[in-house]
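Some notes on the structure that comes next.
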Amino acid sequence: MTLIPDLSLTGRKSDQPMVSAFSRKETAHMQVMGAPVMPDDQQGLWHQLTQVQPRASQGARLAYLHIPFCQTKCSYCAFYQNRTSDEKVANYLDALLSELAMTSQQPGLIDTPFDGIYIGGGTPSDLSPSQIALLGNAIHRYLPLRTDAELTFEARFHGFDKDRFTACLDAGFNRFSLGVQSFDTELRQRLGRIDDEITVRRELDRMCNQDQAVIVTDLIYGLPGQTLDHWQRDLDILAESGVGGADLYQLILLPESQLGRSVNKGKVPAPPGLEEKAAMFAAGRKTLKRHHFNRLSVSHFGRDSRERNRYNHLSKAGADLVPFGCGAGGRVNGHSIMTERDLNKYHQEIAAGNKPIAMMTKPHPQHDLRYGIGGGFDLGYLDLNTLDQLGDLSDRAKPLFDAWQENGLVQHDGRYLNLTEAGQFWNINMQQAVNRYLDLGDELLKRQELTIMNNTLEQIETISKQQPLSSLAQVGRQLGLTELETVQALPAKQAQLVDGANFDRLMAELADFGPTTTVIEVAGQILEYKGGFPEGSYGHGFYNLKGEHLRGHLNPREVYAIAFVRRPFMRMDTRAIWLFNAQGLCSFKIYLGRDDKRKLLTEQVTRFDELEQEFLAKAPLLPPEEATAELDTSVELNEEPETAPKLCPISGIQFKQDQPLQEQQKEQLKKGRCPMKRLFSKTNG
């Protein structure tokens with residue numbers, strides 16, 4: 001079956017594809033990761049990976065060292081972690097050197113030399129000259145380097161004085177990445193940059209006036225208040241300087257950043273529109289070409305023979321990238337790794353002799369193909385012959401590629417799929433599109449394979465193993481099941497269904513259950529509230545929740561069934577109560593709470609089990625085919641006498657209105673969350 005891509009993947013056909021192919025321009029590169037590695041397994045797996053030569057060792061290998069300190073926070077930045085202080089930086093450098101020293105016991109990391117090292121941040125240039133020397137010495141001591149290895153040191157202009165720059169050169173760094181962003185003083189200060197245009201240009205000239213290392217600068221287009229004239233002036237200044245390389249990026253404006261909030265509140269001018277950004281992209285390409293910069297990738301240019309853009313490209317193409325430091329990301333043998341971002345936790349892990357891993361995933365099943373695609377988009381073309389060997393890309397994505405060519409985004413030239421100028425502008429959209437298209441194709445294939453399975457439970461368990469991060473509801477949707485049908489397919493030890501008529505009793509119990517997590521999953525979104533489930537009372541036919549943070553109006557008539565679900569998730573035992581309507585949709589779920597060791601609260605588990613048994617004793621929910629028996633109307637119904645026992649739907653207490661309540665019953669009513677409590681108290685004093 002051929003999968004037909006939609007407009008979100010193909011783009012629109014237009015006379016101006018540069019402006020209108022897609023409705024918005026994506027800026028975030030695709031993450032290629034497999035299933036998560038459980039925390040308890042991470043250190044053991046790291047040890048295994050570092051004792052054997054990595055699978056990718058036949059290709060390039062990189063290392064990233066993170067310096068998580070800044071003197072100030074740029075208004076657009078998403079990477080700020082810690083404010084620079086002499087003591088914190090000194091202690092951190094000691095820990096980082098200890099982490100580097102661990103590689104002496106990790107032959108899988110040091111048996112093959114590194115092609116590139118990148119010192120990033122944060123602000124690495126906040127290190128003192130002596131600290132830069134220590135770091136450089138440690139790199140040369142612990143990480144074997146190829147003779148032509150690229151050693152990049154990232155810096156900002158403010159504070160990167162002659163002594164620090166000289167220390168970097170003496171330590172062997174042969175490439176500097178400098179964040180200009182813009183030469184315009186007003187635009188720079190809006191970004192939170194400190195130095196003005198005169199200072200930046202003077203310092204840039206000073207650093208370019210040497211022949212030991214290549215100087216590469218970043219410029220950003222799409223800044224709030226930036227015009228095409230601003231951008232062209234920045235390009236002209238850069239081209240006339242002595243830099244050996246340039247990176248031209250579009251601003252990633254994060255809504256939660258200081259700059260994003262200022263734009264939303266109207267405190268600063270809005271960023272340029274899509275048409276202006278497209279013009280800026282074209283101007284950058286044209287200007288640097290006129291000044292004989294070579295195009296190294298879609299965003300990177302070089303005119304110094306020493307500028308190879310090695311780290312930036314190879315990291316996108318899937319090379320092994322060993323992370324060091326607090327908040328560093330990378331991959332080893334296809335396994336993605338993120339180190340601890342919290343500085344205190346980082347120090348604790350290093351002191352314990354551990355790799356400070358915060359997150360780890362297994363390789364993506366199509367690791368080589370997906371990173372091959374990423375590397376190709378970075379260069380501006382896909383080598384289909386190579387990619388076909390990794391996963392038959394030409395056949396699998398032919399409908400998408402044909403649509404792109406029709407829409408002016410690519411030109412198919414034999415073995416190559418070349419991005420047009422419009423395609424280069426939209427390259428991240430297109431990279432995301434082809435990965436999404438492949439994912440959809442894989443999902444379709446899995447569904448076709450699952451149709452041969454007769455047992456619904458077997459299908460559920462198969463998908464759950466393949467997609468350990470998917471919720472039970474998400475698994476059911478892939479099989480075309482409602483959430484109720486999905487739960488009904490589970491064995492009794494995992495799920496029990498009872499009648500929705502138990503709603504009142506359930507609400508009373510939940511009100512003093514203790515800390516729980518209420519989950520609402522709808523339209524692909526998941527909302528969670530952690531805290532006790534609130535008490536409520538009836539009004540206008542609804543059970544109205546009256547919590548401080550969780551409020552709402554629940555309709556008991558819409559509660560068809562209640563499920564008690566026991567099912568492991570991410571290797572952790574869970575208990576949850578699900579509420580369904582008659583159409584099989586789940587209104588919300590309440591998960592039991594956990595202690596500091598992530599274990600289920602024992603008292604809640606006991607109450608969960610007791611409540612389940614209480615409801616089952618009344619009558620379990622019958623399967624649909626058994627619940628359709630006609631009502632026997634031959635039995636004469638007697639009118640209830642006035643003195644018949646009344647049953648409180650919340651507390652379950654029976655009483656007669658002409659008899660006083662026992663003291664024990666009164667105490668129970670005080671504890672219960674009962675909408676009839678006021679009536680009872682008036683009747684019984």
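Residue numbering for the sequence shown follows full-length UniProt numbering, beginning at 1 and increasing consecutively. C-beta: ideal position from N, C-alpha, C; glycine also.
Neighbour-count burial assignment, residue i, 16 or more Cβ in a 10 Å radius
i, result
"Ile-139", "buried"
"Pro-5", "buried"
"His-367", "buried"
"Thr-361", "buried"
"Ser-14", "exposed"
"Leu-457", "exposed"
"Thr-602", "exposed"
"His-549", "exposed"
"Leu-444", "exposed"
"Asp-378", "buried"
"Thr-606", "exposed"
"Gln-16", "exposed"
"Lys-682", "At Lys-682 the pLDDT is 39, less than 50, meaning the model places this residue with poor confidence; the figure from the coordinates comes in the next sentence. Under this definition Lys-682 is an exposed residue."
"Met-572", "exposed"
"Asp-195", "buried"
"His-540", "exposed"
"Met-430", "buried"
"Met-570", "exposed"
"Lys-589", "buried"
"Leu-647", "The predicted position of Leu-647 is uncertain, since its pLDDT is 47 and thus under 50; no value can be drawn from it."
"Ser-130", "exposed"
"Glu-630", "Summary for Glu-630: the model assigns pLDDT 35, below 50, so the residue's position carries little reliability; its value from the coordinates is reported in the next sentence. Flag for Glu-630 reads exposed."
Residues sharing a beta bridge with residue i, DSSP
i, result
"Asp-218", "Gly-179 and Asp-247"
"Ser-336", "Arg-331 and Thr-361"
"Lys-446", "Lys-446 is not bridged to any residue."
"residue 686", "Any property of residue 686 remains undetermined from this structure, which presents the chain solely from 1 to 685."
"Met-572", "Phe-569"
"Phe-542", "Gly-539"
"Lys-530", "Thr-517"
"Arg-295", "Phe-301"
"Asp-320", "Arg-61"
"Ala-283", "None; Ala-283 has no bridge partner."
"Ile-577", "Phe-564 and Ile-590"
"Ile-117", "Ala-63 and Leu-151"
"Arg-306", "Answer is none; Arg-306 lacks a bridge partner."
"Gln-525", "Val-522"
"Leu-554", "Tyr-543"
Selection from the options that minimises the alpha carbon distance to residue i
i, options, result
"Glu-276", "Phe-425, Leu-296 and Asp-304", "Phe-425"
"Gly-532", "Phe-542, Asn-544, Pro-515 and Ile-520", "Pro-515"
"Ile-526", "Ala-511, Ser-470, Val-559 and Ala-492", "Ser-470"
"Asp-148", "Leu-127, Leu-601 and Gly-172", "Gly-172"
"Tyr-381", "Trp-404, Gly-391, Pro-363 and Arg-83", "Trp-404"
"Lys-397", "Val-410, Gly-441, Ile-428 and Thr-420", "For the record, residue 397 in the displayed sequence is Ala; it is not Lys. Minimum Cα distance to Ala-397 is reached at Gly-441."
"Ser-128", "Phe-160, Asn-555, Glu-485 and Asn-137", "Phe-160"
"Gly-59", "Lys-345, Ser-315 and Gly-34", "Ser-315"
"Asp-388", "Gly-414, Pro-39, Arg-567 and Asn-137", "Gly-414"
"Phe-293", "Val-332, Asp-247, Val-322 and Met-570", "Asp-247"
"Asp-320", "Val-559, Gly-116 and Lys-265", "Gly-116"
"Gly-547", "Glu-99, Leu-579, Leu-100 and Tyr-529", "Tyr-529"
"Val-52", "Gln-105, Gly-584 and Ser-85", "Gln-105"
"Ala-95", "Met-359, Glu-340 and Lys-599", "Glu-340"
"Ile-132", "Gly-552, Val-565, Leu-151 and Glu-614", "Leu-151"
"Ala-279", "Ser-85, Ala-422 and Ala-501", "Ala-422"
"Asp-504", "Asp-196, Tyr-560 and Ile-252", "Tyr-560"
"Thr-518", "Ala-508, His-291 and Pro-534", "Pro-534"
"Pro-556", "Arg-567, Pro-568 and Tyr-538", "Tyr-538"
"Asp-111", "Leu-143, Arg-83 and Leu-100", "Leu-143"
"Asp-236", "Asp-184, Ser-130 and Asp-392", "Asp-184"
Within-8 Å CB hit, residue i to chain D
i, result
"Leu-579", "This model lacks chain D altogether; it includes just one protein chain."
Distance cut-off 7 Å: residue i Cβ against heavy atoms of the ligand HEM
i, result
"Thr-166", "Questions concerning the ligand HEM fall outside what the structure shown contains, since it holds no ligand whatsoever."
Open item on the list: Check whether the stretch 60 to 74 and the stretch 9 to 16 are in contact - that is, three or more C-beta pairs closer than 8 Å.
Closed with: no
Open item on the list: Just to confirm the assignment: which complete beta strand (DSSP E) runs, minimum length 3, are found wholly within the stretch 25 to 94?
Closed with: 61 to 67
Open item on the list: Measuring CB atoms only, is the stretch 260 to 275 touching the stretch 207 to 219, in the sense that at least three cross pairs come out at less than 8 Å?
Closed with: no
TODO: Ignoring anything shorter than 4 residues or poking outside the stretch 467 to 521, list the alpha helix (DSSP H) runs there in chain order.
DONE: 472 to 478, 483 to 488 and 503 to 510
- [ ] Can you check the stretch 369 to 427 for any alpha helix (DSSP H) of at least 4 residues that lies completely inside it and give the ranges in chain order?
- [x] 384 to 391, 393 to 396, 398 to 406 and 421 to 425
Open item on the list: When you compare the stretch 253 to 265 with the stretch 307 to 320, are there three or more beta-carbon pairs, one atom per stretch, that lie closer than 8 Å?
Closed with: no
Open item on the list: What ranges does the alpha helix (DSSP H) occupy inside the stretch 129 to 213, keeping only unbroken runs of at least 4 residues that lie completely in it?
Closed with: 129 to 142, 162 to 170, 185 to 190 and 197 to 208
Open item on the list: Within 8 Å, do at least three Cβ pairs link the stretch 240 to 249 to the stretch 286 to 303?
Closed with: yes
Task: Cβ contact check for the stretch 342 to 360 and the stretch 15 to 29: 3 or more pairs under 8 Å - done: no
Task: Any 3 or more C-beta pairs closer than 8 Å across the stretch 26 to 46 and the stretch 70 to 88 - done: no
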